[in-house]
Structure formats: C-alpha cells, structure tokens
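Comments concern the structure below.
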Amino acid sequence: MDIDILARGLVAGSLYALVAVSFNILYRPTNVFNFAQGELVMLGAMVFASLATVLGWPWYAALIVTLLGVGLLTLLIDVVAVAPVLARSQHGTGWVITTLAASLIIANGVNRIWGPDPIVVRPPAPLTTDTFSLAGMTVSAYQIFLVLLTIILVLAIEQVYRTRQGKAVLAVAEDREAALLRGVNPLRLSHWSFFLGGAFAGLTGVLAAPVLYASTGLGPALLLKGFAAAAVGSIGNNRGALIAGYLIGVTEALGAALLSPGYQEAVVFLLVLCVLLVWPHGLFGRPFARTV
Amino acid sequence: MAASVAKSRGLAGLLVQAALVVIVLALPLALDPYGYPLFVATQLGVYVIAAIGLNLLAGYAGQVSLGHGAFIAIGAYATALLTVDQGWSFWLAALAGVALSALMGVLMALPSFRLSTWYFAFITLAFAQVFEKMIVEWRGLTRGFAGVVGVQPPSVFGHVLEPAGVYWLVAIIAIIGFWLVNNLVHSRFGRGFVAVRDAPAAAQAAGASPARLKLLAFVIAACFAGVAGAFFAVQKTVVTPDDFTAEFSIFFLLTVVLGGLGTRWGPVVGALVFFLVPELLTGLESWRMMVYGAALLALMLFAPHGLVGAARSLFDRLRPKQAGQTTQPAETVQPQGAHVERPAISGLALEVKDLRKSFGGVVALGGVDLSVAPGTCAAIVGPNGSGKTTLLNVVGAYYRRDAGAVLLGGRETKGLSPQQIAGEGLGRTFQTPRLLGELTVLDNVLLGAFRRERASLPGTMLRLPGAMAEAERLRAEAMELLAFVGVADRADDLASETPHGHQRLVEIARALMGGARLIMLDEPAAGLSMTELDRLEQLIRRILALGATVVIVEHHLDLVASIASHVTVLDRGVVLASGAPQAVFADAAVMAAYMGERALNEQASDQLSDEAAGEVARPRPVPAKGA
Amino acid sequence: MTMASNAGQAGELLLSVEQVDVGYGHVGVLEGVSLSVRRGSIAALVGRNGAGKSTLLRAISGLLTPSRGQIVFNGRAISRDKPHAIVGAGLLHVAEGRRLFRSQSVDDNLELGVYGLKMDAAGYQRRLARVFELFPVLEEKRRLPAGALSGGQQQMLAIGQAMMREPVLLMLDEPSLGLSPLLVDQVFAAIMALQQAGTTILLVEQLVERALEIASEAWVLQNGRMIASGPAAQIAASEELRAAYMAAH
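Chains as they are written, first to last, in this note's numbering: chain A, 33 to 324; chain B, 104 to 730; chain C, 700 to 948.
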C-alpha cells in the first residue's frame, strides 16, 4: 500500500475538516446549515488568488482583505437569506432553499467575474509545494504546514467557545428560550457567527488554493465533503469534524488508488451514507441528552 | 346557501379546467407542426410531468429531494439505449425506464426513513453529484460525453409520430397524470403524506406508517420522472451527461417551489413560468442560474407558498368575508351531540407490568404497574415530570421500553410499531393537539380511518366506484363523529383556524374514527374554559357509555374524581398510590406528593435523586414570617 | 455601585400589567389580565395548572407579546421589547422546569447569568460569593456540568444564576417543583433573603399555602382571567377562592 495515500488523505482531510468547522460555527446558534458554504470557500480562494498572484499584493494584505470580504458576504447571507426565514418559523426548512439560492447566485457571479480558468497560487516562502521524502512519504513543506495548522485552528476555535460570548452561543444552541431569558440576543450572536464562519471559510479557501488550484468549480465538492465531515463527526463537534475529515480524505485517496479517480466520489458518498444510516447523529453522538 | 355557492364555484372551476384541456389539445392546430413553438410546448409538457411527481414528493410528503434529475436521467438513458442499441420499441423501452426509475426511487427512499429533512437534502444533492460523475464513468454503457445519438420518436400502430403526435401524447399523459395525482392527494394517501410532513406522530396514531408512505411518494415521483425522461430522450434525440447535471436537479426543485410546493397547480404554473420566461429572453442565457437563484431567494422571502400560494392569499384578501366564515367565539355552546347514535365499542383491557424507561441517566419510569379493566375509565395523575406522558408514549410504542410488559386486550405489544398498535385498537390524543393545519377538520378526522380504508392505490387514483363508495361512507361516518363530539359545524374549517378547545375534540373524533377501543387522553382539560370542561366531561361519559376504555392523564382532579373509576398516582416515575378516587385523594401522603413535597414513606424515598443522599426527611419547621 | 435603577420608593408600583390579552396564534390564553407588584414586596400569583400563570410570566419577560393591553416596568413600557432588552432593564424570569444549560458547568451557568454586563473581576467575585453563601452546595459542585446536579441543586443554580445579575424584579415560576421539604425551606429562605436585600419578587407557586405565607399580596388566575387579588392573608383565608387555586379539596 502506497503510504502516499495516507499523506494525501490527511491533507485533503484537513481541508474537509476546515470546511466542516466553518459549517459548525454557523450552525451552533442557528441550527442552520449553509448550502452556500462551498462557494464561500471557493470565493476565498479566488479573491486571494487574484490579489496575491494576479495583482501581486503581499500575502498578509491579501489574506486580511479576503477574510473580511468573505466574512461580510456571509453576514449578508444571514441578514438577507437566513434570519428572515428563521424569524418566520424556527423549525421550518425554508433556509435550505434560500441558502441554496445564495449558492447559485454566488457561483454564477464568481464564474462571470473570473471565468473558468484556474489560477495558480504559490504559498509564501519557506512553505513551498516542492516535494521531498519524509518517512517514506512524498510530501511538501506546505502540506505539513497545512495539516499542522488545521489542528491548531480546530483547537483555537474551541478556545473561542470558552469565552463568555462562546458560552452564550452554546447556550443558545442548547436552549434558545432559556438563553433569551438570560439576556442573550441570539440575533446578534448569529450575525457574529456568520461573520466568523464566513471568514473561516475564506481562510479555508486561501489554504486550499496552493493545493487544489483556485478555480470556480471548487464549490460543490467542498460543500458536500465538508458537510460529510461535519455530519459524520457529529454536527457541532469540531474535534469530531477533524477526525471525520481525515477519515473521508483517506477513504477518498484509497478509492482513487484502488479504483479509478472517477469513482472516488461514489466511494466517499457510500461511506458517508452507511455511517449516517447506522449513526444518524454522527460517530460522536449528540453533545447532550435531550430532556423529554 | 353556502352549499350552493360552493357548488356553483365548483362548477365554474370545472368549466375553466375543461376549457384549459381543450386549449391545450387544440394547440398544434394553431401552430406550425414543425416549428419551434410546438417543440417548446412539448418540452414544457415533459417538465410538467416530472414536476407533478416532485411536487407530490417534496410538496405534499415534505421530502425535499435535490436529486430528482437522476430519475429523469434514468428514464431518458434507458429509453435511448434500449431503442437505439437494442432496437426495442419506444413503449417497451419507456416502460423499462420507468421500472428502473422506480427501483432507484426505492433506494433513495431508504435514507429518508432515518435522516431528518435537511440531512436528507444534502444526501440527495451528494447523490446528484455522484450520479453526474457515474454517467460519465460508465462510458461503456452510456457512451460518456458523446452520448446516445439518434433516438427515434415513438410509433403508434406502425406509424411514426409526427411532432404534433408527440405533443398530443405528452399533453394527454400530463393531463392524465395531473388527474391521477389530484385524486391521490384528496384520498387517504394524500392525508397520509401531509401527516408525514407535518405531524408524523399523528400519522402513527392513525395507523399510518411514515416509512411506507415516504416509500410510496418516492416511487410515484420516480415513475413520473421516468416517463418524463423517456419523452425527454425523444425530444432531444441525443442524450448526453450534460443534460443531467446537479444544476438540473436544483432547477427542477426551483420549478416546483416557484409554482407553489404542495399546491395542485403549482407544478404547472412553475414549469410554465420557469420554462417560458428564459425561452422568451434568450439573450440572458448566461445569467440563467443567477436569475434562478435570485428568483428562489425572493420567492422564499416574500411568497413562501409560490406563485399559486401568493395568488390564493391575494384572492382571499380581496374576496369579502362570506356568511358563516367568521370565526365563532370558542364559548358558543355547540349542540351536545348526545342525540347521535353510535355503534357499541368493545373496550380493551390494558395491563402494564413493571414498566421501565430511562433517557440518558434520567429514570422516567421506574417500574410502573397499571391495570385497566375494559370499558372503564382509569386516570393517571401526578406532578409535572412524574412520567405520565412518558407512560402513554411507551404504551403506544412511541418510545421503546427498557423493560416490563404491556398487554393490550390480553396481547403483548412488544416489538410492535405505534401504527400497528393503533391498528390493534389503541387511540390517543396529544398534550398539544397534533392536527394537520392545512387540511379541514373533516379531513383531519378522516385521517383516523387510514388503516380502515381498504381502497387500493389504483382504485383511489382512478376513482373506481368501489373506492369512491367507501370514501363516501367514511365521510358520512366522520361527519357523524364530528357531531358526536360536538363540532359538526366546523367540519369545513381549516384545522389551523379552529380554537384550541375544538382541536382537542377533533383529535378525539380522529381516534374514534380509527376504531379505537381504548383511548388515551393526554391532559385533555388543559386550557379549557368552564363550559368546555363540562362538555369534555359529557363527551367522555358518552364514549364510556359506548363501551370503550378510557385512560386519562390529567391535572384537573375534579374531572378525574368525577369520571374515573380508578386513579393511579405517579411521582417521579413510580406509582405512589392507586385505587378508587375517593380513597386516593383522601390519602394525605398522596396529596403531599402532588403538592410538591416528598412523601415520607419508604416507597418514594427509594428513588434515585441524590438530593436524598445525606438529607434526612424531617418535619418541616414553621417558617417565620417576614424578617 | 447599585443595580439597574433600583433607586425608587419602596411601595411604589414597580411592575404594572394592564388588561393584557395573550395567546399563541389563534388560541387565546389570557384575557384582560391585570396585575401589579409593589417595589420591595413579594407578590404571589396562584391558580391551577393550565390557568395561564406561566403564560403571564412569559408575556412579561418578552417571550410572548400581548395582543392587547400594556406592561410597564420601572416606568418603561416593555410590552413590545425583546427579551434581552427586558433582562437589561433588570427584570428576570426564572422559568419553570429549571431551564439551565446542562452541558455547561455550574461556573459557566453562573457566568452566563451576567451576560452582557460589564464588571470587574472583584465585582464578579463578590456576586459569586453571595450565591455560594446562600447555596453552598453549588460551590462544591462548581466544575460539574449542570446536568449532573440533582433536581433541587439545579433549582438552586437557576436562582443563583438570576441572583448574579442582582435583578430589580425577579419572577420565579414554581421554584419548589420536585424538591424535598428541606430544599423547599432553603429555597424559600433564599427568596426572603433576596427580598430583604431589596429585590422585588413575583412568585408563582404550587405550594400555595407557603407562598401566601411569605407574600404580602396575592393574585388569583383562573382559566385565563384574574379573578381576585388582595392582601395574601385575606386570599389565604377565603374559602371560595381556595376552590379556584387548589388542585383538590
């Protein structure tokens, strides 16, 4: 068995985990799953690629602008497409269609602005995509950086939920009404969460760009694999998302190696379906038992 | 007066529909038979056929599927490959396509049993993406991107159909399909679908299996899509993977949402607007998806029930309120229904032995015994959180028991599903009434007869005499039951617009409609006014007089003392006392428990809560007043 | 530093509910209900299950909006305010059923009690100390998730959570539910201590007799209408009102 598969799986899995984490950030205070998330990641990649590669901006400037831009756009999605639907009915699924609509608009818009050609993004030195041999695997410095940074980011996000605002978000997720009675304003928290989750998605796009190439077709695949990682890892559980991400990444790499690359999506799909049918709440269960 | 107005409106509606059919069929005579407009009209018909199926699945049954394009693709590819490669006739090939689609429908239905709506939506979207790739991967079968070329139009009696002929074929199928689905929607299946969407527990209480209904909806939707796919292949003459991208599936959902999910004319209107508008504005081809996205967004924000829904609410607002439509105040005393004769019911006995149920670490039922003789009224009382509703839910199998026995009419119910137990004669109402708001009160009662109605699916769809006669009989019976419970005058009102007290009565009528021989009432008196309470008591007496067994969970001890022959007091999951009401209520320990203090006897203090640990029960000190 | 505008005359009207109608959708629950609470007092709201007591509290705290009538708190009309704004004004509602955040620790739950308030570490510790003084068991279990506490301890935590905010008016919905006699004593002692420290209390209780013992005024709700009100002792003595609020005779 080619151990490179493991390496590739971990790298791809890290990206899926990051998308899943951005999903979780949005989900916590709203119970909404943003169908436009894949396109937001892609947008992050495209904007960064344009600023850094095409316009030649220094990477940190491009990064900040990307994060702010995607974050604000995601906030807009909350204000326009999600909050009004939730205000009408907390339990409906109208947001499935409105976030779907948002994804169509963004995807189409991006395609018109950028066109279908991918843009190559080079990470800043010393992180190169040149490969070398490490423990029998062919890896690049960037790949190692990506895997490590993902773990750091997941742990960092956990810290956010240790702050008072973070605890308030968890409170809203657990019992919205009780949170209201404690002076929490769920709308403000959801706006902040959408902004943060959007910025995170943008960051994911930036990190993905050197590995996946910044192109406008990235969205749908990332949406679904990100959802898969979030669902298999139990929605709201970021560490679970990390592990699930690796699982999916490695399965995908295995599928590509053992069968043809065209089948890898089908393999992942079947895996995810089987897991969810047995454990509808993901591998790590629900975070707290429901009171009857 | 109101009846004849309704009748004349019904007649006008029929005339309009007849006129539409004539126009649709006459269209080819007005258009150039080989021209583009006729081609577009045929294409529209194809989409309408598929949309009708998706509307049934996503609108009525509530299963939002983002992968519907796959069903159409299967129909199209099957037809194309079998006619072009194997030389089959169109009809056989189309039939094969429909069968394969139906099979796929069965597979797609399976995840819907386990996964909640939006998980399911994602899975179907994932499926659409995978499917798109698979069509290309299996190029041995599907010819990959080159596609299947040269699909011929169908022939009838040896004559190859002209475009006009194809149009008529499609139009007739669309009209028939519309009619069939309409019949289905107005039958027990339609009620079942709406129940699955809006109140699955009510569906189970009525004896309907949500899984089976979902399966049915999927298969029907898949069949329609398969048919549409067959004609799609004929229209395009070349079938390629590009026709069936994930975008295509989303487009389909849009069509149905635009028209109005769960409305009769929604799929037709949606297909019309969605298809024709871009055709008329061909310059905007590249903006298509963006326009669709913006349209969807605007729609969900401002007109969540689509164009048909928006038109309907506009119409409702403009129309002056008709006599008899003003909502009556709840206090108005209704005819008591004492005069309604109902056949005797052979009440069931209920035995519950050492029933246990825990949620996580919390014990909800810690070994409950209950014995109810047939034809009697047994009451279960206790403070909030004592496990009363959990008891009902476990007896009805909405929750699975951890241990213990439940015997209904002497038979163990272990392993039975809630709908099967309902079929054995168990009826129930819910603490918060679970009615189907969008249906009328009468339809809600009719839902109760789901299991009793014997009419088959084809019989219902084709309005065969047997099915129709049965439906009439059941309608009459439902009206009788509404009169029996005292809400006959609200039969045609929407359930969502019925006052709370009446909703309770409708639920009881629904349970009786199902032939319940033991009815469980969950806090039926909550929120009722004095008059309504009185009426409820009278109704329960009438039900008992028929011979049914009644088990009532209640807080209103007056009501309990008045009608129950046996009372069981629950406190934190165990039976504190049971016996005749007078004896139980006189027991000081019982009343102390009910009033919130822990009883001092050992039975209760064995309980789990660790507040017992280290805290000795002692007589409470008299509290000093003020300072 | 005193709490949110509690400077006011004891005895004046702090909360005034005027002829409100409240319902859920088409279902009306309360009709023409009025109630008032004097600053510095304990008012008891009694009535049978289903009478609408919880609904009234929810209308006051902003979870429900009255379709008619108005609610005035500390001189400010709050009927249309959002719940978090009402909390900000100093009106707290401890809902029935011990609505805590069970997956979070006792400490976290208490911290959420002061969500949105600015205070320094010393101020926070002072408030925390007050809560622990009244309910020592909470300090013992402070790092445990709230879900691991017993029912009685959870009720104490719920009250402690509200105490952290030093409310002007505290509404308690059936705090004695499911508690042993000893714990009920503790809870009632806490309520009286709070009142002594200046908090006004509106108490909904199943233990009607005990509630009427510590309250100065009582309000009786039946089937969505306020049928009587007056000094608590008077209400307690009235035989005919007994039927209205007692669960059994």
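Where a beta carbon is used, it is the ideal one built from N, C-alpha and C, also for glycine. Small disclaimer: the values here were computed from a predicted structure and weren't measured.
Neighbourhood of Leu649/B by C-beta, 7 Å cutoff - its chain only, sequence neighbours within 5 removed: Arg445, Ala447, Ile448
Pro686/C: contacting residues in chain A (beta-carbon distance under 7 Å): Since the first and last residues shown for chain C are 700 and 948, residue 686/C lies out of range.
Rounded C-alpha distance that separates Ala732/B from Ile129/A: The structure shown has nothing for residue 732/B, since chain B only spans 104 to 730.
Contact list for Ser632/B against chain C, beta-carbon separation under 9 Å: Asn922, Gly923
Minimum length 4: unbroken alpha helix (DSSP H) runs contained in the region 152-194 of chain B: 171-187
Start and end residues, beta strand (DSSP E) containing Arg924/C: 924-930
Same chain only: Cβ atoms within 6 Å of Val436/B, ignoring 5 sequence neighbours per side: With a pLDDT of only 45 at Val436/B, under 50, the local geometry of the prediction cannot be trusted, and the value read off the model is given with reservation. Same-chain partners within the cutoff: there are none.
Proximal residues of chain C, C-beta to C-beta of Arg196/A below 8 Å: Glu810, Leu811, Tyr814
Per DSSP, cross-strand counterpart(s) of Leu791/C: Leu869/C
Three-state class that DSSP yields for Val732/C in the structure shown: strand
Under the three-state DSSP convention, the category Ala433/B falls into: Summary for Ala433/B: the model assigns pLDDT 45, below 50, so the residue's position carries little reliability; its value from the coordinates is reported in the next sentence. Note: Ala433/B maps to coil in three-state DSSP.
Distance between Leu364/B and Pro370/B (C-alpha atoms, nearest Å): 8 Å
Stretch-stretch touch, CB-based, cutoff 8 Å, three pairs: the region 631-638 of chain B with the region 539-555 of chain B: no
Any chain A beta carbon closer than 9 Å to Ala794/C: yes
Beta-bridge pairing of Lys456/B - partner residues as DSSP gives them: Ala508/B
contact_flag[the region 849-856 of chain C, the region 251-269 of chain A] where n(CB pairs < 8 Å) is 3 or more: no
Leu203/B and Ile177/B closer than 9 Å at C-beta: yes
Asp596/B versus Leu584/B: straight-line alpha-carbon distance, rounded: 16 Å
Stretch-stretch touch, CB-based, cutoff 8 Å, three pairs: the region 328-347 of chain B with the region 513-532 of chain B: no
Chain B contacts from the region 256-271 of chain A (Cβ-Cβ distance under 7 Å): Leu256, Phe259, Ala263
Spatially closest choice to Leu790/C from Pro880/C, Asp819/C, Met870/C, Ala896/C, by CA coordinates: Met870/C
Contact between the region 817-831 of chain C and the region 214-221 of chain A (3+ Cβ pairs under 8 Å): no
From Ala93/A, Arg144/A, Gly234/A, Thr62/A, residue whose alpha carbon lies closest to that of Ala203/A: Thr62/A
Paired residues, beta bridge with Val252/B - DSSP: Val341/B
Contacts around Val64/A, its chain only, beta-carbon distance under 6 Å, and the 5 residues preceding and following it disregarded: Val114, Trp127
At least 3 beta-carbon pairs within less than 8 Å: the region 304-313 of chain B vs the region 534-542 of chain B: yes
Of the residues Arg40/A, Asp110/A, Leu213/A, the one placed nearest Ser225/A, counting alpha carbons only: Asp110/A
Integer Cβ distance of Ala298/A from Val233/B, believed to fall under 8 Å: 5 Å
Beta carbon of Ile524/B nearer than 9 Å to that of Val656/B: no
Three-state class that DSSP yields for Pro844/C in the structure shown: strand
Cα-Cα separation, Pro300/B to Ala164/B: Before going on, a small fix: residue 300/B reads as Arg here, not Pro. If you take the alpha carbons of Arg300/B and Ala164/B, they lie about 5 Å apart.
For Trp918/C, the three-state DSSP class (helix, strand or coil): strand
Neighbour flag for Arg144/A against chain B, beta carbons, 9 Å: yes
Three-state secondary structure assigned by DSSP to Asp325/A: The structure shown does not extend to residue 325/A, since chain A is modelled only from 33 to 324, so the question has no answer here.
Span separating the alpha-carbon of Thr227/B from that of Ser168/B: 6 Å
Near-chain A residues of the region 236-252 of chain B (beta-carbon distance less than 8 Å), N- to C-terminal order: Lys236, Met237, Val239, Glu240
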